[in-house]
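Working notes, structure below.
Numbering (my numbering), first residue to last: 6 to 243.
This is how it looks when you write it as structure tokens:
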């Protein structure tokens with residue numbers, strides 16, 4: 006067979022090539038330069054059969070043909086780069102490549118970037134719905150963590166957050182409700198400062214006198230030793 010299919014390998018790549026047995030070794034090296042990136046003058050060729058070294062193709066007259074060697078179809082010619090000044094891995098080690106980095110403020114000014122595309126189409130973090138969902142998830146996780154510390158019957162103090170100070174009472178309910186998503190804590194206040202009697206929209210969650218009951222988020226409730234406050238203690242001391 007005058008035409009052979011051979012594998013050509015080097016440090017950086019591997020390919021299959023058709024070579025004529027009548028081709029000289031020097032001509033083959035010229036063909037291999039654009040494939041391997043190695044100059045013919047720095048190429049050292051070795052012949053392999055199924056990863057077993059057969060012979061070197063070096064040290065012969067320039068006009069020596071490929072057919073002068075014991076080569077068969079589908080054997081491998083391995084190319085070694087003997088250039089003493091070469092940098093090992095310079096063609097496949099990306100860490101050696103100097104990277105261009107655009108300052109963030111300049112990138113944000115571009116109109117044809119991925120960032121600009123996301124902004125125009127309200128994608129990713131620029132999608133208000135997604136942002137709201139992420140925020141809601143984080144909030145619900147905070148409620149769950151706070152609810153773990155709250156037990157029915159415990160005395161508590163509630164930060165109502167309306168400028169009227171804190172209110173004391175007892176925990177009567179912890180869980181989800183039908184009037185709004187997420188976790189809620191039902192509290193029976195010591196005074197008629199609530200909004201209901203433990204029933205909301207026709208559903209009874211706990212029982213207490215009217216206007217003594219209220220529902221608050223778990224992160225607004227602190228349980229502990231919170232006795233009922235005596236509103237008249239100061240007057241009695243006078």
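The beta carbon of each residue, even a glycine, is placed where N, CA and C say it ideally should be.
Residue span of the alpha helix (DSSP H) that contains residue i, given as start and end
i           : result
residue 216 : Neither: residue 216 is in no alpha helix (DSSP H) and is coded neither H nor E.
residue 160 : Run containing residue 160: none in the alpha helix (DSSP H); it sits in the beta strand (DSSP E), 160–164.
Residue i: first and last residue of the uninterrupted beta strand (DSSP E) it sits in
i           : result
residue 175 : 171–181
residue 190 : 188–194
residue 156 : Element bounds for residue 156: n/a, residue is neither H nor E.
residue 227 : 226–228
For residue i, three-class secondary structure by DSSP
i           : result
residue 29  : strand
residue 17  : coil
residue 69  : coil
residue 106 : coil
residue 76  : coil
residue 86  : strand
residue 240 : Bear in mind that the predicted position of residue 240 carries a pLDDT of just 45, short of 50, making it unreliable; the figure below should be weighed with that in mind. Looking at residue 240 - three-state DSSP - the assignment turns out to be helix.
residue 127 : coil
residue 43  : coil
residue 113 : coil
residue 12  : strand
residue 22  : strand
residue 231 : coil
residue 7   : coil
residue 248 : Past the edges of the chain, shown from 6 to 243, lies residue 248, and the structure says nothing about it.
residue 198 : coil
residue 122 : helix
Per DSSP, cross-strand counterpart(s) of residue i
i           : result
residue 62  : Paired residue(s): none; residue 62 is not in a bridge.
residue 53  : 58 and 81
residue 204 : 209
residue 48  : 86
residue 221 : 190
Which listed residue (the options) has its alpha carbon closest to that of residue i
i           : options               : result
residue 89  : 66, 165, 49 and 53    : 49
residue 91  : 47, 201 and 31        : 47
residue 9   : 183, 44, 65 and 82    : 82
residue 208 : 234, 198, 232 and 178 : 178
residue 233 : 205, 199, 21 and 195  : 195
residue 62  : 169, 73 and 198       : 73
residue 5   : 53, 37 and 64         : Residue numbering for the chain in the displayed model covers 6 to 243; residue 5 lies beyond these limits and cannot be assessed.
residue 111 : 104, 120 and 103      : 120
residue 145 : 40, 186 and 170       : 186
residue 182 : 204, 200, 169 and 215 : 204
residue 24  : 148, 37 and 15        : 37
Residue i at chain C interface by Cβ criterion, 8 angstroms
i          : result
residue 26 : Of the chains in the structure shown, none is chain C; there is only one protein chain.
Taking one C-beta from the segment 203–222 and one from the segment 172–190 each time, how about it: are there three or more such pairs within less than 8 angstroms? In the pairwise beta carbon analysis, the segment 203–222 is classified as touching the segment 172–190: at least three pairs are separated by under 8 angstroms.
At least 3 beta-carbon pairs within less than 8 angstroms: the segment 152–166 vs the segment 223–234: Taking 8 angstroms as the limit for Cβ pairs, the verdict is that the segment 223–234 does touch the segment 152–166.
Any chance the segment 68–88 sits against the segment 20–30, with 3 or more Cβ pairs inside 8 angstroms? At 8 angstroms Cβ cutoff, the stretches touch.
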